[in-house]
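To start, the structure itself, in C-alpha coordinates.
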Amino acid sequence: MPKLPKLTSQEAEAMLLEAHFEMIRSKGSHRIYSKGNKKVVIPFHTGKILHPKIVKQVIRATETAE
(Lines of atoms letter the chains of each structure in order from A; the text may use other names.)
(Lines give C-alpha, C1' and ligand atoms only; values in the text may rest on other atoms or scores of the structure.)
Protein backbone atom coordinates (compact mmCIF):
# COMPACT_ATOMS: atom_id res chain seq x y z
CA MET A 59 0.00 0.00 0.00
CA PRO A 60 1.44 3.41 -0.93
CA LYS A 61 2.13 5.99 1.74
CA LEU A 62 -0.61 8.50 2.42
CA PRO A 63 0.14 12.13 1.56
CA LYS A 64 0.54 14.63 4.37
CA LEU A 65 -2.33 17.07 4.10
CA THR A 66 -3.29 20.22 5.93
CA SER A 67 -6.93 20.98 6.59
CA GLN A 68 -6.96 23.56 3.77
CA GLU A 69 -5.69 20.97 1.25
CA ALA A 70 -8.26 18.41 2.42
CA GLU A 71 -11.01 21.01 2.13
CA ALA A 72 -9.95 21.81 -1.44
CA MET A 73 -10.10 18.11 -2.34
CA LEU A 74 -13.61 17.79 -0.91
CA LEU A 75 -14.90 20.92 -2.62
CA GLU A 76 -13.43 19.76 -5.93
CA ALA A 77 -15.38 16.49 -5.50
CA HIS A 78 -18.59 18.58 -5.07
CA PHE A 79 -18.95 18.14 -1.32
CA GLU A 80 -20.55 21.06 0.47
CA MET A 81 -19.95 22.40 3.94
CA ILE A 82 -23.15 21.84 5.89
CA ARG A 83 -22.07 23.25 9.24
CA SER A 84 -19.16 23.98 11.55
CA LYS A 85 -18.77 23.69 15.29
CA GLY A 86 -15.73 25.14 16.96
CA SER A 87 -12.72 24.26 14.86
CA HIS A 88 -14.40 21.37 13.01
CA ARG A 89 -16.14 21.61 9.65
CA ILE A 90 -18.59 19.00 8.41
CA TYR A 91 -18.91 18.32 4.68
CA SER A 92 -21.48 16.12 2.98
CA LYS A 93 -22.46 14.79 -0.40
CA GLY A 94 -25.44 12.49 -0.59
CA ASN A 95 -25.22 10.19 2.42
CA LYS A 96 -21.45 10.62 2.94
CA LYS A 97 -20.14 12.92 5.66
CA VAL A 98 -16.57 13.94 6.44
CA VAL A 99 -15.44 15.95 9.46
CA ILE A 100 -12.22 17.96 9.19
CA PRO A 101 -10.57 19.64 12.19
CA PHE A 102 -9.19 23.08 11.27
CA HIS A 103 -6.05 23.81 13.29
CA THR A 104 -3.80 26.24 11.45
CA GLY A 105 -0.43 24.86 10.38
CA LYS A 106 -1.03 21.29 11.57
CA ILE A 107 -0.92 18.15 9.47
CA LEU A 108 -4.05 15.98 9.60
CA HIS A 109 -3.97 12.56 11.23
CA PRO A 110 -3.50 9.72 8.70
CA LYS A 111 -6.96 8.31 9.52
CA ILE A 112 -8.60 11.59 8.53
CA VAL A 113 -6.51 11.78 5.35
CA LYS A 114 -7.64 8.24 4.51
CA GLN A 115 -11.29 9.25 5.07
CA VAL A 116 -10.95 12.24 2.75
CA ILE A 117 -9.26 10.24 0.00
CA ARG A 118 -11.79 7.40 0.24
CA ALA A 119 -14.73 9.86 0.18
CA THR A 120 -13.42 11.75 -2.86
CA GLU A 121 -12.66 8.55 -4.80
CA THR A 122 -16.09 7.01 -4.27
CA ALA A 123 -17.98 10.28 -4.73
CA GLU A 124 -17.21 10.56 -8.43
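Each residue of the sequence shown is one higher than the last, beginning at 59 in the working numbering.
Every residue, glycine too, gets a C-beta built ideally from N, C-alpha and C.
Source: prediction; values computed, not measured.
Looking at the unbroken alpha helix (DSSP H) that takes in residue i, where does it start and where does it end?
| i | result |
| --- | --- |
| S67 | 67-76 |
What separation, rounded to the nearest whole angstrom, lies between the Cα atoms of residue i and residue j?
| i | j | result |
| --- | --- | --- |
| G94 | F79 | 9 Å |
| L75 | S92 | 10 Å |
| A77 | K106 | 23 Å |
| E122 | E69 | It should be noted that the sequence gives Thr, not Glu, for residue 122. Each residue's alpha carbon lies about 18 Å from the other. |
Nearest to residue i by CA position, among the options, is which residue?
| i | options | result |
| --- | --- | --- |
| L62 | G105, A77, K114, I100 | K114 |
| A119 | P60, K64, E71 | E71 |
May I ask which residues mark the beginning and end of the beta strand (DSSP E) holding residue i?
| i | result |
| --- | --- |
| I107 | Run containing I107: none; DSSP gives neither H nor E here. |
| K96 | 96-101 |
So residue i and residue j are supposed to be a Cβ contact under 8 Å. How far apart are they, rounded?
| i | j | result |
| --- | --- | --- |
| I100 | S67 | 5 Å |
Inspect the CB distances between the stretch 105-120 and the stretch 81-90 and report whether three or more fall short of 8 Å.
Contact between the stretch 105-120 and the stretch 81-90 is absent, because fewer than three Cβ pairs lie under 8 Å.
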